[in-house]
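J.: Let me give you the structure first, and then I'll get to my questions.
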Amino acid sequence: MTDWILFIPELYTLAAAGVFFFFCLGRARPGRDYAAAMVLSAAGLVLTVCSAGFEGLIFEGVYRVDLYSQVFKVLIYSGFFLVVCLCADLSGVDETRHSEFYLLLCLCTLAMMLLASSVHLLTLYISLEISSYSLYVLVYLRRGSSQRVKPAFQYFVMGAAASAVMLFGFALVYGAFGSAHMAELMHQVPARIHEPLVFTGFVLSLSGFFFKLAVFPFHFWAPDAYEAAPHQVSAYIATASKVAAIAILVRMIALTGGQGDRVAWVLIFVSVASMTAGNLAALIQKDIKRLLAFSSVAHAGYVMIGILSANAMGYAGAVFYGLSLMVMKFVCFMVVVKASDGGRNIDTEALAGLHHRAPVLALALLLALFGLAGIPPTIGFTAKLLVFRAAMDQGLLWLVIVAMFNVVISLYYYLLVLKAAYYTESEGRPREVALSVPLKCLAGAMIFLMVAGGLWPGYMIVLAESMTAGLLP
Amino acid sequence: MIVPYTHVMLLGAIVFLMGMICTLTRRNLMMIIVGLEIMLNAAAIVFVGAGLEFGQIEGQVMALFIVAVAAAEVSVGLAMVVCIYRQTQSLDPQCTEDSRCPAGTEKASEPASGP
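Chains as they are written, first to last, in my numbering: chain A, 199 to 671; chain B, -12 to 102.
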């Protein structure tokens, strides 16, 4: 007997997607679509927060609702809500396509919520595919730009290839254990992780999640897709999608029960490779969205440090890192959306004199970039501290030192952006950056969250620890 | 089961590698999608074989879902291929809108029957 109450947030999101589906059928009215999206996403966020205490197994045990999944659903939903907040100026998407844009965004959010709760390989695969397909089409929705099809297709081919590899890995794991349920795998995997078949299957099955998180061998789509997509979609990929990827990756790695030394070496390799590749490539980027894409790759590497430590603090650190990445990346994209003219991409120079034009936005950008670079007292510093402490507890001092070198490299390009915003005076008459009152409040809330996460992170850390407590053997 | 599971797995691995090589080496958007489909089907073979080995229905259920997902994947992929073809009049991934492929180089294998 399925307890449908536990499934209410997902059902609600499905209904919201249905509303936008009916909007698609009629004549295009962008104003109505935006208002509906705001109301529906805000109500959904409230509903998800209210359902945070739910617990139980539904659908014959393939769908697990617990604190871990519910908090991640809140995070994913807040990502969705925040992105919708940026959609007041959706000039990057053709006006007749707005309702389809919201429909796909809704579906993608629904799929990520399913992803956070799935504990069966089949539900995992299906929800990952639904969210990816929505994103492929969303990246393609950019208006006018002639170069949009190629990056979208590249994104599609890489994503489909990564998920095919993941599926083959699932097949090998299923063939080795005769079970596709994570609760049963959790008992059997740690003892047999060193068998070549299990090891191969497990590593292959991680590739789909690496693709979602844009970790080194699967990161080549990131800069092109970020650049080609509408700003709001890039923001969504950088926030909600990354959080969902962290959720499922932590669950998968927790299957090894900290026994997989060889798996840990694979993870160490991809972690070091993706921070180094991301940071070095970001140094020479002019386009802000490409820069943020490479910084996402680098941050995926830092998150992996927490995950591969496979101890309580590492998992909690990874979850906390997901939250901090969401806040900081969202602020960066808010600046991009506000500073860009008619949905076009902007260079770092376009931010010149931002502190005159929009002081609140400039302050938020300052804190977000400091956070991304890991400077106290911001939320990013706390997140880095947690994952590095976890790695130190596992005796991986050298990994932390490599990561610290990377942090220093990353400072350079974050400070370049800040220099443009604060020290460069704009030539001629720059475009006004008009910030409506609700958006000012939003920027203020983000500033508060970033500072509070740096100064009083205690509550959030306790929450992250109690979320991940169920994952440890 | 008459055929041992290891043989099924070997078959699956060979088909998977063939699909991957097809995806990586062909310079035709259609063949890239065909390669992706072959990779999915290789996984389905292994799932069905493993399901038989353990006497469970789960493997076949997985295979059914994989067929459905593959259909969705083709619908998204082919839509993009049609758009690319309309812009570049070619199925070669190296031709872009800015630099149309000259007539002498490798063109799409299908005759251009579109607009």
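Beta carbons are placed, not taken as given, at the ideal position from N, Cα and C, and that holds for glycine.
If you measure beta-carbon to beta-carbon, which residues of the segment 328 to 359 of chain A are closer than 8 Å to chain B?
T.: Of all residues in the segment 328 to 359 of chain A, Tyr331, Tyr334, Val335, Tyr338, Ser344, Gln345, Val347, Lys348, Ala350, Phe351, Phe354, Val355, Ala358 and Ala359 have a Cβ within less than 8 Å of some Cβ in chain B.
J.: Using the beta-carbon count (16 or more within 10 Å), is Thr307 (chain A) buried or exposed?
T.: Thr307 (chain A) should be labelled buried.
J.: Using 8 Å as the limit for Cβ to Cβ distance, is Met18 (chain B) near chain A?
T.: So, not an interface residue.
J.: By alpha-carbon positions, which one of A:Leu523, A:Ser522, A:Leu395 and A:Val501 ends up nearest to Tyr513 (chain A)?
T.: Comparing Cα positions, the closest option is A:Val501.
J.: Nearest to Ser249 (chain A) by alpha carbon, out of A:Cys222, A:Pro636 and A:Tyr210?
T.: When each option's Cα is compared against that of Ser249 (chain A), the closest is A:Tyr210.
J.: Do we get a CB-CB distance below 8 Å when we pair Ala37 (chain B) with the residues of chain A?
T.: For Ala37 (chain B), the answer is yes, since a Cβ of chain A falls inside 8 Å of its Cβ.
J.: Using a Cβ distance threshold of 8 Å, determine whether the segment 315 to 324 of chain A contacts the segment 232 to 243 of chain A, with at least three qualifying pairs required.
T.: These segments do not touch.
J.: Classify Gly455 (chain A) as helix, strand or coil using the three-state DSSP reduction.
T.: If DSSP states are grouped into helix, strand and coil, Gly455 (chain A) belongs with coil.
J.: Where does Ser315 (chain A) fall in DSSP's three states?
T.: Looking at Ser315 (chain A) - three-state DSSP - the assignment turns out to be helix.
J.: Could you name the residues of the segment 393 to 422 of chain A whose beta carbon sits closer than 7 Å to any beta carbon of chain B, in the order they occur along the chain?
T.: Hits within the stretch: zero.
J.: Taking 8 Å as the CB-CB limit, is Cys70 (chain B) close to chain A?
T.: Yes - at least one Cβ of chain A is within 8 Å of the one on Cys70 (chain B).
J.: Can a CB atom of chain A be found closer than 8 Å to the CB of Met5 (chain B)?
T.: Not closer than 8 Å to any Cβ of chain A, the Cβ of Met5 (chain B) fails to qualify, so no.
J.: Here's the rule I'm using: 16 or more other beta-carbon atoms within 10 Å means buried, otherwise exposed. How should Pro102 (chain B) be labelled?
T.: Its pLDDT being 41, under 50, Pro102 (chain B) is placed unreliably by the model, and nothing is read from it.
J.: By the 10 Å Cβ neighbour count, where 16 or more other Cβ atoms means buried, how is His(-6) (chain B) classified, buried or exposed?
T.: With fewer than 16 other Cβ atoms within 10 Å, it is exposed.
J.: On a Cα-Cα basis, can you pick out the residue from A:Glu630, A:His429 and A:Tyr424 that is closest to His554 (chain A)?
T.: Per the Cα distances, A:Glu630.
J.: What is the DSSP secondary structure of His296 (chain A), counted as helix, strand or coil?
T.: In the structure shown, His296 (chain A) sits in a helix (DSSP, three-state: H, G or I).
J.: May I have the straight-line CA-CA distance separating Gly642 (chain A) from Ala537 (chain A), to the nearest angstrom?
T.: When rounded, the distance between both Cα atoms is 18 Å.
J.: With respect to the beta strand (DSSP E) encompassing Ile256 (chain A), which residues constitute its N-terminal and C-terminal limits?
T.: Ile256 (chain A) -> beta strand (DSSP E) spans Gly254 to Ile256.
J.: Take Met7 (chain B) and list the residues in its own chain whose beta-carbon comes closer than 8 Å to its own, dropping the five residues that flank it on each side.
T.: Gly22 and Met26, listed in sequence order.
J.: What first and last residue would you give for the alpha helix (DSSP H) that runs through Val48 (chain B)?
T.: Segment Glu45 to Thr75, the alpha helix (DSSP H) holding Val48 (chain B).
J.: On the DSSP letters alone, give me the boundaries of the alpha helix (DSSP H) that Tyr424 (chain A) sits inside.
T.: First-last of the alpha helix (DSSP H) with Tyr424 (chain A): Trp419 to Ala426.
J.: For Arg13 (chain B), name the three-state secondary structure that DSSP assigns.
T.: It is coil, neither helix nor strand.
J.: Asp231 (chain A) by DSSP, collapsed to three states: which one?
T.: Three-state result, Asp231 (chain A): helix.
J.: I want to see whether chain B comes within less than 8 Å of Leu370 (chain A), judged by CB atoms only; does it?
T.: Judged by the 8 Å Cβ criterion, Leu370 (chain A) is in contact with chain B.
J.: I'd like to know whether the C-beta of Val21 (chain B) is nearer than 8 Å to at least one C-beta of chain A.
T.: No, Val21 (chain B) does not count as interfacial toward chain A.
J.: Val(-10) (chain B) CB to nearest chain A CB: under 8 Å?
T.: Judged by the 8 Å Cβ criterion, Val(-10) (chain B) is not in contact with chain A.
J.: In whole angstroms, give me the CA-to-CA distance for Tyr331 (chain A) and Glu60 (chain B).
T.: Taking the straight line joining both Cα atoms gives about 8 Å.
J.: Tell me, please, which residues DSSP counts as bridged to Tyr261 (chain A).
T.: Beta-bridge pairing links Tyr261 (chain A) to A:Ile256 and A:Ser316.
J.: With respect to the alpha helix (DSSP H) encompassing Ala549 (chain A), which residues constitute its N-terminal and C-terminal limits?
T.: For the sequence presented, residue 549 (chain A) should be read as Leu rather than Ala. Segment: none, Leu549 (chain A) is in no alpha helix (DSSP H) and carries neither H nor E.
J.: Short of 7 Å Cβ to Cβ, which residues in the segment 373 to 394 of chain A face chain B?
T.: Residues Gly373, Gly376 and Ala378.
J.: Roughly how many whole angstroms lie between the Cα atoms of Leu212 (chain A) and Ala548 (chain A)?
T.: C-alpha separation (whole angstroms): 39 Å.
J.: Does chain B have any CB closer than 8 Å to the CB of Leu255 (chain A)?
T.: Not one chain B Cβ lies under 8 Å of Leu255 (chain A).
J.: How should His417 (chain A) be labelled, buried or exposed, when 16 other C-beta atoms within 10 angstroms of its C-beta is the threshold for buried?
T.: Label assigned to His417 (chain A): buried.
J.: Tell me the residue span of the alpha helix (DSSP H) that contains Ser403 (chain A).
T.: It spans Pro394 to Leu411 - the alpha helix (DSSP H) in which Ser403 (chain A) sits, taken as one unbroken run.
J.: Can you check whether the C-beta of Ala59 (chain B) is within less than 8 Å of a C-beta belonging to chain A?
T.: Chain A contact via Cβ: present.
J.: Entirely within the segment 528 to 604 of chain A and at least 4 residues each: give me those alpha helix (DSSP H) ranges in chain order.
T.: Counting whole runs of 4 or more residues, the segment 528 to 604 of chain A contains the alpha helix (DSSP H) stretches 552 to 555, 557 to 571 and 577 to 591.
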